[in-house]
Each structure stands twice: as C-alpha cells, then as structure tokens.
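Residue numbering for the sequence shown follows this note's numbering, beginning at 8 and increasing consecutively.
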Amino acid sequence: MAEINVTPLVDVMLVLLIIFMITAPLLVAGVPVDLPESRAKALDQDTKPVQIAIDQQGALFIDDAPVSDAELPQRLADIAAQPEPPEGRRIYLRADKGLDYGKVMRVMGELNRAGLNRVALVSVGEETP
Numbered sequence: 008m009a010e011i012n013v014t015p016l017v018d019v020m021l022v023l024l025i026i027f028m029i030t031a032p033l034l035v036a037g038v039p040v041d042l043p044e045s046r047a048k049a050l051d052q053d054t055k056p057v058q059i060a061i062d063q064q065g066a067l068f069i070d071d072a073p074v075s076d077a078e079l080p081q082r083l084a085d086i087a088a089q090p091e092p093p094e095g096r097r098i099y100l101r102a103d104k105g106l107d108y109g110k111v112m113r114v115m116g117e118l119n120r121a122g123l124n125r126v127a128l129v130s131v132g133e134e135t136p
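In structure tokens form, the structure reads like this:
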C-alpha cells in the first residue's frame, strides 16, 4: 500500500484542539481591579512589562504575586537591578478606582525611588452611555 492513513492524525489533532480550547481561558487570570475610564490610546510594546496592581482593599500585587507594603521597596529594587531591555523597562500600574489616591502616590513614590520612571497607568476605555 502506497497510501498514508491520516485518520489517526486527524483524531489526535482534534483531541489536542479540544484540550487547548478548554485550557486557554483558564490561563488568563489576574487580580480583579475596577479600573477607571480614559480616552487614552493603548501603548505599543514588544516585551512583557512588570505589572503592579492595587486592589480595592489596598493589597499590592507584582505580576499577580501578593506583596506587603514593607517588602515593596526591596522587590522594586530587585526589578530595577535586572538587565534592562533595549526599549526600556516599562511598569504598568493598575489601581482600583475606589482606592485612596494617597496609596497610589505612595506606590509611585517607591517606583521613583527605585529608579523605575517609565510608569504607565492602566485604565479601561471610555464607556458610552
């Protein structure tokens, strides 16, 4: 027989497709933050930025890992000590819109003291009534 039976290949590919379709939505997880609205455009960037989030209770997260207020300066110093990408290190700061403004400013002050000055404030697009 000079023919190749492709039925087993198709069966395996369909099973893999189903597995990826089920697991892909589970991979997108994060800290739930109610972001403010803005008319600003999205930023273009090739490398993955460091994401700092502050939830409604004021808890800090760096890349979805919880961080206490006391260990924040050391963690930011560790991030600043890493080799910088060619386009510069970008920090995304997400804060809940119901949060005290002073908490956000304290975090931005720690970012500035660590030498991380390229901070982007993340918001959601403007809602139309």
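Glycine residues also receive a C-beta, built at the ideal position from the N, C-alpha and C atoms.
Classified as exposed, Leu21 has fewer than 16 neighbouring CB atoms from the shown chains inside 10 Å of its CB.
Taking C-alpha positions only, Val126 is separated from Val57 by approximately 10 Å.
Residues of the same chain with a CB within less than 8 Å of the CB of Val74, apart from the 5 flanking positions on each side, are Leu67, Phe68, Arg82 in chain order.
For Pro80, the enclosing alpha helix (DSSP H) stretches over residues 79-88. For Val126, the enclosing beta strand (DSSP E) has its first and last residue at 126-128. Annotated as distal: Ala72 and Ala121, with beta-carbon spacing of 8 Å or more.
Taking the C-beta atoms as reference points, Arg113 is found no nearer than 8 Å to Ala60.
Counting the other CB atoms within 10 Å of its CB gives Leu123 a total of 16 or more, which places it among the buried residues. The beta carbon of Arg97 is closer than 7 Å to those of Gln52, Pro56, Arg125, Ala127 in its chain, skipping five residues each way along the sequence. Taken atom to atom, the span from the alpha-carbon of Thr14 to that of Met28 is near 21 Å.
In the DSSP assignment, Leu118 falls within the unbroken alpha helix (DSSP H) covering 108-120.
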